[in-house]
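**Q** Numbering (my numbering), first residue to last: 19 to 639.
Every residue, glycine too, gets a C-beta built ideally from N, C-alpha and C.
What follows is the structure, encoded as structure tokens:
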């Protein structure tokens, strides 16, 4: 079966997303590759499709049992033979799985890194392996946000299994982490970087600092989204329980999740959330990678995360089905103090402090938040997104092209070997020891920015960084490196708008608040709904129907009943996205039902008649 046939037959999609087909072809030709794709971008298909097309069993290395379980469940629901070997199995399960592997019955086998290493001389030496897929590959890097020592041994895959392609996949890796992944796994193939943009996610930052202010916002926020699943991330176990209890007192179906609960309690919360039996989970970062629930419609950070990687991964729990979802970040000085103390006590103090600083900058920014996220992961955008909170309430701006050219020129003339502080010293014409020692006072750019204060230069350089005109190499003494977009500015090929620095205290400094004038209103986070451009192809045919909300609720109840009968989470039966399309198109034949995106042949046979009967009954046809 060809890969396009596999895609349609098993997964119900007519075409691949950008990079997917090229990645699949690469691994099927026996080549390694590093795959960077945002959460919800279709990473799993990159190894699942070739696993079905190639002879043998694909071995997928995953860090969490819960993540393996979700993946295996979803594959089985599509009629694909898959299993997981992990500590959650009993002896009988393991024996059966081993026998099925040796008989060549399984197309995908999920294992933990520890299980892989221990089984190399035994099971994996006795079965035909088609490929290795290392999921959450950032865990292997000391520069990554979630370094796990057990991943460090995976470099021996090439040594032990010569000729078998290795695919490393991650949704959160900056340039330095990517290089480390390649080196540690000894990858000798291409790197595929998909856009990190998640246009279906709204981005908003709020500076409420008190418990009362935060909870008030959250109550109103949830009230506007009845029966929609969401996650509230907190820094401490105490806060998860406090927020969950507060929501429960308002009649909201919420539960806490943290490492202090027993394994049984955590598993119960996770399972009930997946099954739509819990509306809101208030969690620590322990509730991170292990969640693969497609219909999470919002994520709130009650406290600020420790890094942009963590933040991006956590908001990535929302909108995995491609439908719109909202994200809100609360930001306060108290969070920064707490997180800085964590960094000071960590084994990677310098790296962690730098990552925290970038997270602070994101929260305080006057620049389009989507551009900041994209730039952090090495992707530049020349225009604002138009639907984050900064774009919705833009600051006053001025033409900052000449100012930016001065700064970038200083970096270039200093051979891109200076940090931000030294750059400002050069621009301001300051005779400091560092300037004198390196003869920077002889540069043509020395003193060209005397008319701008140190504080304003700091703010303007931050905006330039966030807009992607230069990057900071924190593994090389925080040296400033001009990007391709920055070179366009230098050459006069790109105009720059900078936010005017108002004469105000930084938001994180203690401020006196006039309680009489403070607004009590809680604005809507993101009212507009985004449609992917690629979904608009053939819009006249695909989107011509009018969505019926009552039909959606009717079909959602049927989906829930089917899921309960099989012990599946509802989103595994059909995604919210597929349900929405069903309510628009209202198919009354199996052929028409099979045209709905995300519904493959297996699901047509299994669920088609049930949903068609329901639609006919509802529409009277």
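For residue 452 and residue 463, which I take to be in contact (beta-carbon distance under 8 Å), what is that distance rounded to the nearest angstrom?
**A** By 1-based counting over the chain shown, the position of residue 452 is 434. By 1-based counting over the chain shown, the position of residue 463 is 445. Actually they are not in contact, since the Cβ atoms of residue 452 and residue 463 sit about 15 Å apart, beyond 8 Å.
**Q** Does the beta-carbon distance from residue 645 to residue 301 come in below 8 Å?
**A** Since the first residue shown for the chain is 19 and the last is 639, residue 645 is missing from the structure and cannot be characterised.
**Q** Could you check the C-alpha separation between residue 95 and residue 617 for me, to the nearest Å?
**A** Taking the first residue of the chain shown as position 1, residue 95 is located at position 77. Taking the first residue of the chain shown as position 1, residue 617 is located at position 599. About 11 Å.
**Q** Could you round the C-beta distance between residue 484 and residue 333 to whole angstroms and report it? I think they count as a contact, below 8 Å.
**A** To locate residue 484, count along the chain shown from 1; it is residue 466. To locate residue 333, count along the chain shown from 1; it is residue 315. Not quite, the Cβ-Cβ distance comes to about 17 Å (not below 8 Å), so this is no contact.
**Q** Which ranges does the beta strand (DSSP E) cover as unbroken runs of at least 3 residues, wholly within the segment 361 to 442, from first to last along the chain?
**A** As far as the segment 361 to 442 is concerned, its whole beta strand (DSSP E) runs of at least 3 residues are 415 to 417.
**Q** Let me make sure I understand the geometry here. Which of 476, 498, 494 has the alpha-carbon closest to that of residue 518?
**A** The sequence position of residue 518 within the chain shown is 500, counting from 1. Among 476, 498, 494, the Cα nearest to that of residue 518 belongs to 476.
**Q** So residue 198 is in the alpha helix (DSSP H); what residue range does that whole segment cover?
**A** For the purposes of this step, residue 198 is taken as the residue at position 180 of the chain shown. Start and end: 193 to 203.
**Q** Just reading off the beta strand (DSSP E) that residue 300 is part of, what are its end residues?
**A** Here residue 300 corresponds to residue number 282 of the chain shown, with the count starting at 1. Start and end: 298 to 301.
**Q** Rounded to the nearest angstrom, how far is the Cβ of residue 481 from that of residue 445, given a contact under 8 Å?
**A** As a first step, residue 481 is located in the chain shown; it is residue number 463 there, counting from the start. As a first step, residue 445 is located in the chain shown; it is residue number 427 there, counting from the start. Not confirmed; about 15 Å, so no contact.
**Q** What number of angstroms, rounded off, separates the C-alpha of residue 43 from the C-alpha of residue 509?
**A** As a first step, residue 43 is located in the chain shown; it is residue number 25 there, counting from the start. As a first step, residue 509 is located in the chain shown; it is residue number 491 there, counting from the start. So the alpha carbons of these two residues sit roughly 39 Å apart.
**Q** For residue 661, count the other beta carbons within 10 Å of its own beta carbon; 16 or more makes it buried, fewer makes it exposed. Which is it?
**A** Since the first and last residues shown for the chain are 19 and 639, residue 661 lies out of range.
**Q** Please go through the same chain and pick out, in chain order, the residues whose beta-carbon is closer than 7 Å to the beta-carbon of residue 424, but skip the five residues on each side of it.
**A** Translated into positions along the chain shown, residue 424 becomes position 406. These residues qualify, in order along the chain: 445, 463, 466, 467.
**Q** For my contact list, residue 155 and residue 186 are in at a C-beta cut-off of 8 Å; report their separation, rounded to the angstrom.
**A** The residue given as residue 155 occupies position 137 in the chain shown. The residue given as residue 186 occupies position 168 in the chain shown. The pair is a contact, with the Cβ atoms about 4 Å apart (cut-off 8 Å).
**Q** Leaving out five residues on either side along the sequence, give the residues of the same chain with a beta carbon under 7 Å from the beta carbon of residue 124.
**A** Counting from one through the chain shown, the residue named residue 124 turns up at place 106. 75, 99, 100, 101, 118, listed in sequence order.
**Q** Looking at C-alpha atoms only, which residue of 148, 27, 221 is the closest neighbour of residue 411?
**A** Residue 411 sits at position 393 when you count from the first residue of the chain shown. Looking at the Cα atoms, 221 is the closest of the given residues.
**Q** Note the first and the last residue of the continuous beta strand (DSSP E) segment covering residue 184.
**A** Here residue 184 refers to the residue found at position 166 of the chain shown. Where residue 184 is concerned, the enclosing beta strand (DSSP E) stretches over 184 to 188.
**Q** Would residue 30 be called buried (16 or more neighbouring beta carbons within 10 Å of its own) or exposed?
**A** Translated into positions along the chain shown, residue 30 becomes position 12. Residue 30 is buried by the Cβ-count criterion.
**Q** Name the residue from 501, 373, 350, 363 whose alpha carbon lies nearest to the alpha carbon of residue 330.
**A** Reading the chain shown from its first residue, position 312 is the one you call residue 330. Checking every option, the nearest Cα to that of residue 330 belongs to 373.
**Q** Where do the N-terminal and C-terminal ends of the alpha helix (DSSP H) with residue 281 fall, by residue?
**A** Stepping through the chain shown from its first residue, residue 281 is reached at position 263. That run of the alpha helix (DSSP H) goes 281 to 292.
**Q** According to DSSP, is residue 633 helix, strand or coil?
**A** Here residue 633 refers to the residue found at position 615 of the chain shown. Note: residue 633 maps to helix in three-state DSSP.
**Q** If I measure Cβ to Cβ from residue 25 and keep anything under 7 Å in the same chain, skipping five residues before and after, which residues do I get?
**A** Here residue 25 is taken as the residue at index 7 of the chain shown, counted from 1. Once the five neighbours on either side are set aside, the close Cβ partners of residue 25 are 31, 34, 67.
**Q** Could you name the residues of the same chain whose beta carbon sits closer than 7 Å to that of residue 434, not counting the 5 residues immediately before and after it, in chain order?
**A** Within the chain shown, numbered from 1, the residue matching residue 434 stands at position 416. Excluding residues within five positions, the ones whose Cβ falls inside 7 Å are 497, 498, 499, 500.
**Q** Who are the near neighbours of residue 230 in its chain, counting only those whose CB is closer than 7 Å to its CB and skipping five residues on each side?
**A** Against the chain shown, residue 230 aligns to sequence position 212. Excluding positions up to five away in sequence, the list is empty.
**Q** According to the Cβ coordinates, are residue 223 and residue 349 closer than 8 Å?
**A** Walking along the chain shown from the start, residue 223 turns up at place 205. Walking along the chain shown from the start, residue 349 turns up at place 331. Taking 8 Å as the Cβ cut-off, residue 223 and residue 349 qualify as a contacting pair.
**Q** Hey, how far is the Cα of residue 264 from the Cα of residue 271?
**A** Here residue 264 corresponds to residue number 246 of the chain shown, with the count starting at 1. Here residue 271 corresponds to residue number 253 of the chain shown, with the count starting at 1. Between residue 264 and residue 271, the C-alpha separation is close to 11 Å.
**Q** Please tell me whether residue 426 and residue 488 are closer than 8 Å, where the distance is taken between their beta carbons.
**A** Stepping through the chain shown from its first residue, residue 426 is reached at position 408. Stepping through the chain shown from its first residue, residue 488 is reached at position 470. Their beta carbons are under 8 Å apart, which means residue 426 touches residue 488 by this criterion.
**Q** Please say whether residue 60 and residue 89 have beta carbons closer to each other than 8 Å?
**A** Residue mapping note: residue 89 aligns to position 71 of the chain shown, counting from 1. Residue mapping note: residue 60 aligns to position 42 of the chain shown, counting from 1. Cβ distance not < 8 Å, so residue 89 and residue 60 don't count as in contact.
**Q** Quick check on residue 575: buried or exposed, where buried means 16 or more other Cβ atoms within 10 Å of its Cβ?
**A** If you number the chain shown from 1, residue 575 lands on position 557. Under this definition residue 575 is an exposed residue.
**Q** Quick one: give me the first and last residue of the beta strand (DSSP E) that residue 273 is part of.
**A** On the chain shown, residue 273 is found 255 positions in, with the first residue counted as 1. That run of the beta strand (DSSP E) goes 272 to 275.
**Q** Alpha carbon to alpha carbon, how far is residue 147 from residue 572? Give it in angstroms, no decimals.
**A** On the chain shown, residue 572 is found 554 positions in, with the first residue counted as 1. On the chain shown, residue 147 is found 129 positions in, with the first residue counted as 1. Rounded to the nearest angstrom, the two C-alpha atoms are 44 Å apart.
**Q** Excluding sequence positions up to five away, which residues of its chain have a Cβ less than 6 Å from the Cβ of residue 287?
**A** As a first step, residue 287 must be located in the chain shown, where it is residue number 269. Correct list, in chain order: 273, 275.
**Q** Measure the C-alpha to C-alpha separation of residue 153 and residue 398 and round it to an integer number of angstroms.
**A** Residue mapping note: residue 153 aligns to position 135 of the chain shown, counting from 1. Residue mapping note: residue 398 aligns to position 380 of the chain shown, counting from 1. So the alpha carbons of these two residues sit roughly 25 Å apart.
**Q** Closest by CA to residue 93, which one among 586, 612, 625, 627?
**A** Numbered from 1 along the chain shown, position 75 holds the residue referred to as residue 93. The candidate whose alpha carbon is nearest that of residue 93 is 586.
**Q** Which same chain residues end up closer than 8 Å to residue 278 when comparing Cβ atoms and leaving out the 5 residues on each side of it in sequence?
**A** Along the chain shown, one-based indexing puts residue 278 at 260. For residue 278, where only same-chain residues beyond five positions count, the Cβ hits under 8 Å are 255.
**Q** Taking 6 Å as the limit between beta carbons, can you name the residues of its chain near residue 168, skipping five residues before and five after?
**A** Here residue 168 refers to the residue found at position 150 of the chain shown. Within the same chain, residue 168 has close Cβ partners 131, 132.
**Q** What residue range does the beta strand (DSSP E) around residue 224 cover?
**A** Sequence index remark: in the chain shown, residue 224 carries index 206 (1-based). Segment 219 to 224, the beta strand (DSSP E) holding residue 224.
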